[in-house]
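Engineer:
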Amino acid sequence: MSRIGKKPVPLPGNVKCSVANRVVTVESGQNKLSITHRPEVSVKVDDKTKTIVVERRDDTRVSKAMHGLTRALLNNMVTGVTKGFVKELELNGVGWTAKVQGMKVLLNVGYADTREVTIPAGVKVEIVQNKITVKGADRQMVGQVAAQIRAHRPPEPYNAKGIKYADEVIIRKQGKAFAGGGA
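Spelled out as structure tokens, the structure:
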């Protein structure tokens, strides 16, 4: 039995969950997320204990894999609609700037042109000086937008220039060493 899959997902007081035709919808306030779960598992909402319970149909390898995955996705949905998810990035480079214009992030990161990253609905991007903050209820979308921003200039190990996650550690490399000698 999956250790993660057999744990019920607790529902806080202000969160509503409904299951219809394999579509699970979790909502709280204006935040609303939904997924279609795989047929190998079944999802039930226990109103008495205010939890979501995931059960698998059989003991095949795919069912076991989907059991824990579905429970983890549902737990992320509940966390997303209550607290939300945040990814922070840092912009390191002389003269490099970033700004939000409408539903796009404009990056001036050392190229001749300005790079654009589209912001999907449900994700909010804030920029203060060299810090870029990506917020949203959907964990996958927040991570995807942060990864797309970072992909335009990943950090390099010699000068530590680039766009990096705030908690990322860049291991610096030593540059070319002067061998000396000569006459």
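In the numbering used here, the protein residues as written are 5 to 187.
By construction, the Cβ of each residue, glycine as well, lies at the ideal position given by its N, Cα and C atoms.
(1) How about Lys168 and Ile175: are their beta carbons less than 8 angstroms apart?
(2) Sort out for me which residues DSSP pairs Asp50 with in a bridge.
(3) Taking the alpha-carbon of Gln178 as reference, which of Gln152, Gly166, Glu160, Cys21 has the nearest alpha-carbon?
(4) Evaluate Thr74 with the Cβ neighbour count: other Cβ atoms within 10 Å of its Cβ, from every protein chain shown; 16 or more gives buried, anything less gives exposed.
(5) Give the secondary structure of Val66 by DSSP, where H, G and I count as helix, E and B as strand, and everything else as coil.
(6) Where are the beta strand (DSSP E) runs, 3 residues long or more, that stay fully inside the region 93 to 129, in chain order?
(7) Nearest CA to the CA of Thr105: which residue from Leu95, Tyr115, Glu94, Glu120?
(8) What residue range is occupied by the uninterrupted alpha helix (DSSP H) comprising Gly147?
(9) List the whole-angstrom C-beta distance separating Leu111 from Thr118, where the pair is believed to meet the contact cut-off of C-beta under 8 angstroms.
(10) Can you tell me whether Ala170 is buried or exposed? The criterion is at least 16 other CB atoms within 10 Å of its CB, across all chains shown.
(11) Using beta-carbon positions only, say whether Lys135 and Glu92 come within less than 8 angstroms of one another.
(12) Go ahead and pull the three-state DSSP assignment for Ala24.
(13) For Arg61, which of helix, strand or coil comes out of DSSP?
(14) Pull up the distance between the alpha-carbon of Lys11 and that of Arg26, whole angstroms please.
(15) Work out the CA separation of Gly97 and Thr29 for me, nearest whole Å.
(16) DSSP three-state label for Leu78, please.
(17) Please determine, among Asn18, Gly9, Leu77, the residue with the shortest C-alpha to C-alpha distance to Asp63.
Structural biologist: In short, the structure shows the following:
(1) no
(2) Thr55
(3) Glu160
(4) buried
(5) helix
(6) 101 to 105, 108 to 112, 119 to 122
(7) Thr is not the amino acid found at residue 105; the sequence shown has Gln there. For the residues Leu95, Tyr115, Glu94, Glu120, the minimum Cα distance to Gln105 belongs to Glu120.
(8) 143 to 155
(9) 7 angstroms
(10) exposed
(11) yes
(12) strand
(13) coil
(14) 20 angstroms
(15) 43 angstroms
(16) helix
(17) Gly9
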